[in-house]
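Quick note, the sequences are listed as chains A and B, same order. So the first sequence is numbered by our numbering: it starts at 2 and just counts up by one. So the second sequence is numbered by our numbering: it starts at 33 and just counts up by one. Here a beta-carbon is modelled for each residue, glycine too, at the ideal position from N, C-alpha and C. Here's the structure we're looking at; comments come further down.
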Amino acid sequence: MSQTLDSVYLHQVVEIIDFSDNLICSKLIEMGLTKGQKIKAVFKAPLGDPIAFEHNGHIISMRKEEAKQIEVAVA
Amino acid sequence: MKIALLGNPNTGKSSVFNMLTGMRQQVGNFPGVTVDKRSGFIQTKVNKHQIIDFPGTYSIFAKSLDEQVVQDVLTDPSHTDYPDAILYIADTANLERNLLFFSQVYDLGFPCILVLNMWDRAQQKGLQINEAILQENFPAAKIVTANARVAIGKTRILDAIDALSVGSKKPFHSGSFHIHLETPDQQKNTEDRLQKIRTLGIVQQSKPQAPHFSTRIDRLLTHPIYGYLLFAALLLIIFQFIFSFASVPMDYIDAQFVRLSNWSAQMLPSGLLSKLFTQGLIPGVGGVLVFVPQIAILFFFIALLEESGYLSRVVFIMDRLMRPFGLNGKSVVPLLSSVACAIPGIMSARTISDWKERLITILVAPFMSCSARIPVYTLLINLVVPKIYIAGMLNLQGLVLFGLYFLGIVFALGTAFILKLFIKSKEPGYHLMELPEYKAPIIQNVLFTVLEKVKVFVLDAGKIIVAISILLWGLATFGPSSRERELKMLKSSTNYRQASIQKQQEQESALMLSESYIGHFGRFIEPVIQPLGYDWKIGVALLSSFAAREVFVGSLATIYAVGNDTDNEKRLIQKLRAEKNAAGEPIYSLATGLSLLIFYVFALQCMATLAVVRRETNTWRWPLIQLVFMGVVAYTCALIVYQMLL
Chain A
2 MSQTLDSVYL HQVVEIIDFS DNLICSKLIE MGLTKGQKIK AVFKAPLGDP IAFEHNGHII
62 SMRKEEAKQI EVAVA
Chain B
33 MKIALLGNPN TGKSSVFNML TGMRQQVGNF PGVTVDKRSG FIQTKVNKHQ IIDFPGTYSI
93 FAKSLDEQVV QDVLTDPSHT DYPDAILYIA DTANLERNLL FFSQVYDLGF PCILVLNMWD
153 RAQQKGLQIN EAILQENFPA AKIVTANARV AIGKTRILDA IDALSVGSKK PFHSGSFHIH
213 LETPDQQKNT EDRLQKIRTL GIVQQSKPQA PHFSTRIDRL LTHPIYGYLL FAALLLIIFQ
273 FIFSFASVPM DYIDAQFVRL SNWSAQMLPS GLLSKLFTQG LIPGVGGVLV FVPQIAILFF
333 FIALLEESGY LSRVVFIMDR LMRPFGLNGK SVVPLLSSVA CAIPGIMSAR TISDWKERLI
393 TILVAPFMSC SARIPVYTLL INLVVPKIYI AGMLNLQGLV LFGLYFLGIV FALGTAFILK
453 LFIKSKEPGY HLMELPEYKA PIIQNVLFTV LEKVKVFVLD AGKIIVAISI LLWGLATFGP
513 SSRERELKML KSSTNYRQAS IQKQQEQESA LMLSESYIGH FGRFIEPVIQ PLGYDWKIGV
573 ALLSSFAARE VFVGSLATIY AVGNDTDNEK RLIQKLRAEK NAAGEPIYSL ATGLSLLIFY
633 VFALQCMATL AVVRRETNTW RWPLIQLVFM GVVAYTCALI VYQMLL
């Protein structure tokens with residue numbers, strides 16, 4: 002079942018399925034997030050936004066609206 | 033040869049730069065933009081080369097102001113900073129992702145050195161790098177390992193520079209690649225590159241990856257309660273340092289410049305030129321240097337927090353709170369620093385990569401009540417606010433002081449909210465930020481940052497500050513010829529002749545100031561400031577305090593002939609309380625006092641801030657808009673307060 006990255010639970014490992022065609026997603030890809038890779042939410046800022054994700058051994062933080070642009074599926 | 037230092041953010045690029053150049057480095061801007069350009073010279077066995085440090089970048093396709101600079105320089109051979117070769121710094125522990133941007137510059141045909149930095153961290157993580165495969169895929173590149181944090185690898189890098197030949201003719205990735213690709217094609221190209229890099233098998237994991245140690249600390253530091261408490265505690269410590277320790281060197285600098293000025297006045301023959309030198313130039317330079325302790329202390333702490341990795345967590349927990357105001361998490365440090373002094377605050381806004389958010393932060397920062405307002409606040413509060421207690425415990429004077437600070441914050445955020453609607457932006461603001469692993473700060477990097485910020489302020493903003501202070505000095509020192517007649521009249525008056533020598537001098541300086549050009553200008557603007565409850569004497573103090581807010585107190589002291597000495601504040605307050613207007617009412621009533629306080633909360637009464645905003649926005653347009661806007665807000669609010677209380 003596919004969902005967007007902003008709606009995952011903490012510590013839930015998901016796989017990246019697709020991105021929107023916009024600048025933010027280009028940036029995400031350049032930061033190393035590509036389709037088929039695993040990503041996991043590790044902690045959230047107070048108020049639940051932004052969210053920090055662990056990916057390939059490093060931590061990337063993004064806002065909910067940015068995480069919304071990434072389609073993921075539970076791995 | 034001109035060598036560009038490139039790499040992703042958080043790869044230890046500045047450590048490499050500091051390791052290579054040592055003290056021989058310069059700071060400035062890239063042409064036409066306010067993005068830091070650090071450059072220096074290095075000596076290899078064969079030759080001397082210039083090395084330029086570029087902002088950390090993920091890709092040649094620019095997404096922010098910082099990245100745009102990199103794109104512009106690398107794709108324009110006629111650019112003054114166009115490099116002959118590239119020194120690319122990669123974080124070995126994140127090598128595959130770091131190779132994306134490297135493969136792009138490699139394919140642009142530059143001779144490249146690939147530095148595998150933070151080699152030790154990759155080994156700790158159990159990562160094996162197959163250098164042979166790497167070399168095979170980037171045959172034209174020189175590959176070296178380094179660990180710049182502990183100064184390992186300098187000789188290897190210098191030798192690699194000597195061994196550099198030509199760039200690659202055969203690209204790493206064969207797909208169509210140029211900077212004008214449309215967004216979907218860019219994405220495709222980037223994904224293909226990353227895909228190719230990952231299938232090469234350069235990195236092997238020899239032992240299972242340990243759980244991220246930082247994450248456990250992060251849960252605590254970004255906790256809804258402990259996270260903010262810790263940040264507040266850190267701020268408290270930093271401000272304690274600034275307020276208790278900055279004043280010592282500041283007073284020292286002040287005293288030394290007074291001595292220097294007196295000494296040179298004795299040494300030089302009297303005349304206009306030596307007056308200009310001893311009373312205009314020397315105090316002007318002193319007025320620049322007096323800011324150095326605050327700038328140095330604040331940037332020492334900011335650099336410490338940044339180096340340790342904590343600052344990005346602050347940005348993380350503050351982002352959501354700042355967003356409604358058109359700001360982002362990175363605006364927090366500049367705004368809070370402005371409570372000490374807007375100058376380091378505005379200078380620290382450089383870390384905000386989005387231009388619109390950076391500009392808004394810079395424009396609203398001076399609304400935060402800085403330490404230079406404290407002397408003005410205390411004088412006026414002591415003057416007009418009664419020392420009474422509300423509900424038996426709340427000191428009314430303290431309450432007013434708190435209210436002034438609060439008002440500054442409210443207007444800073446409110447103005448940001450309004451500016452958000454008016455300032456147009458090409459790109460949407462975003463928050464995609466790596467949270468680097470915690471590391472022990474390297475003191476050398478911290479000290480370089482401090483040195484660099486001080487240098488930038490003294491050399492760039494300093495010129496403007498000296499120029500304006502000389503102008504203000506001239507206006508306050510010289511006057512129309514009628515002043516001599518007034519002086520003669522004063523000297524022949526019985527009041528003057530019966531006074532002590534000290535009193536005589538005080539009366540003379542009061543007359544010299546009130547009959548100077550600035551005194552006349554104060555009278556000229558009196559009709560404009562009368563609705564706020566001010567007379568021309570206050571007008572003169574307002575005008576001269578544009579040099580720095582605290583000058584207000586000294587100017588009033590001079591003009592009321594109580595001697596320009598801080599010990600005389602009690603005398604000054606008594607004198608001010610006794611002042612009556614034509615109708616016999618006290619001039620410094622509660623209404624006038626509060627109106628003045630409000631004026632000082634809002635008005636941009638600080639030429640140094642103006643100079644720094646000019647430096648940080650690269651145009652006079654924004655500092656002038658800011659000056660006028662804050663002036664209008666100050667005037668309007670002071671008018672409302674005065675008219676309501678009248």
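Using the Cβ count rule (16 or more neighbours within 10 Å means buried), how would you classify residue i?
i	result
A/D7	buried
B/F277	exposed
B/Q100	buried
B/I378	buried
B/I35	buried
B/L304	exposed
B/K77	exposed
B/N221	buried
B/Q658	buried
B/S238	exposed
B/I375	buried
B/I257	exposed
B/Q562	exposed
Apart from the five residues just before and just after residue i, which ones in its own chain have a Cβ nearer than 6 Å to its Cβ?
i	result
B/I349	T254 and G259
A/L11	A42
B/S363	M354 and T393
B/P655	L642, V645 and R646
B/F489	I327
B/D351	N360, G361 and H463
B/L626	V673
B/P407	E582 and V585
B/L564	S627, A670, L671 and Y674
Only counting the same chain, and skipping five residues up and downstream in sequence, which positions put a Cβ closer than 7 Å to that of residue i?
i	result
B/L359	E389, I392, T393 and A448
B/E679	Nothing about residue 679 of chain B can be reported from this structure: the residues present for chain B run from 33 to 678 only.
B/L232	I165 and N169
B/L504	S576, F578 and A579
B/Y120	L38, G39, F134, V137, C144, I145, L146 and V147
B/L604	L588, A589, Y592 and V594
B/E518	L543 and E547
B/F204	S135, Y138, D139, N169 and F170
B/L330	I274, S369, A372 and P376
In the DSSP output, which residue or residues are listed as bridge partners for residue i?
i	result
B/L119	B/L37 and B/I145
B/D68	B/N61
B/L268	DSSP lists no partner for B/L268.
A/E16	A/K39 and A/A74
B/I234	Answer is none; B/I234 lacks a bridge partner.
B/I422	B/L426
B/M465	A/S62
Under 8 Å Cβ to Cβ from residue i, same chain only, skipping five residues before and after it: list those, please.
i	result
B/G319	I497, V498, S501, A579, A580 and A640
B/F209	Q136, D139, P203 and N221
Review point. Going along the segment 100-133 of chain B in order, which residues come within less than 8 Å of chain A, judged by CB to CB distance?
Key: A125, N126, E128, R129, L132 and F133
Exercise for review: Pair every Cβ in the segment 166-178 of chain B with every Cβ in the segment 139-147 of chain B, then say whether three or more of these pairs are closer than 8 Å.
Suggested key: Yes: the two stretches touch, three or more of their Cβ pairs being nearer than 8 Å.
Practice item. Give the residues from the segment 226-237 of chain B that approach chain A closer than 9 Å (Cβ to any Cβ), ordered along the chain. Key: L226, Q227 and R230
Check your understanding: Closer than 9 Å, Cβ to any Cβ of chain A: which residues of the segment 441-473 of chain B, in chain order?
Key -> E459, P460, Y462, H463, L464, M465, E466, L467, P468 and E469
Review point. So does the segment 190-209 of chain B actually touch the segment 150-164 of chain B, counting three or more Cβ pairs closer than 8 Å?
Key: no
**Study point:** Residues within the segment 251-264 of chain B neighbouring chain A, beta-carbon criterion of under 9 Å
**Key:** R251, T254, H255, P256, I257, G259 and Y260
Check your understanding: Between the segment 474-482 of chain B and the segment 326-335 of chain B, do at least 3 Cβ pairs fall closer than 8 Å?
Key -> yes
**Study point:** Meets three-Cβ-pair contact criterion under 8 Å: the segment 62-75 of chain A and the segment 97-115 of chain B
**Key:** no
Exercise for review: Select from the segment 18-39 of chain A all residues with a C-beta closer than 8 Å to any C-beta belonging to chain B, and list them in chain order.
Suggested key: F20, D22, N23, L24, I25, C26, S27, K28, L29, I30, E31, M32, G33, T35 and K36
Exercise for review: Report yes or no: do the segment 504-514 of chain B and the segment 339-347 of chain B share at least 3 C-beta pairs separated by less than 8 Å?
Suggested key: no
Review point. Does the segment 359-370 of chain B come close enough to the segment 396-413 of chain B that 3 or more CB-CB pairs lie under 8 Å?
Key: Contact holds: three or more Cβ-Cβ distances are below 8 Å.
Point to revise | chain A contacts from the segment 68-94 of chain B (Cβ-Cβ distance under 7 Å) | key: For the segment 68-94 of chain B, which is checked against every Cβ of chain A, the residues closer than 7 Å are Y90, S91 and F93.
Practice item. With 8 Å as the limit, tell me which residues of the segment 200-229 of chain B have their beta carbon closer than that to any beta carbon of chain A; keep them in chain order. Key: T215, P216, Q218, Q219, T222, E223, L226 and Q227
Exercise for review: Identify each residue in the segment 323-352 of chain B for which the Cβ-Cβ distance to at least one residue of chain A is less than 7 Å, and report them in chain order.
Suggested key: F348, I349, D351 and R352
Practice item. Count the CB pairs spanning the segment 652-668 of chain B and the segment 627-639 of chain B that are closer than 8 Å, and state whether there are at least three. Key: Output reads yes: the segment 627-639 of chain B touches the segment 652-668 of chain B.
Exercise for review: For the segment 139-163 of chain B, enumerate the residues whose C-beta is nearer than 8 Å to any C-beta of chain A, in chain order.
Suggested key: Contact annotation: in the segment 139-163 of chain B, residues whose CB is within less than 8 Å of a CB in chain A are K157.
Check your understanding: Touching or not, the segment 55-69 of chain B and the segment 82-99 of chain B, by the rule of three or more beta carbon pairs under 8 Å?
Key -> They touch, by the three-pair rule.
Exercise for review: Please determine if the segment 24-35 of chain A and the segment 422-442 of chain B are in contact, where contact requires at least 3 C-beta pairs separated by less than 8 Å.
Suggested key: no
Check your understanding: When you check each C-beta in the segment 43-60 of chain A against every C-beta of chain B, which residues fall closer than 9 Å?
Key -> V43, F44, K45, A46, P47, L48, G49, D50, P51, A53, E55, N57, G58, H59 and I60
Review point. What residues in the segment 393-410 of chain B bring their beta carbon closer than 7 Å to a beta carbon of chain A?
Key: Answer set for the segment 393-410 of chain B: empty.
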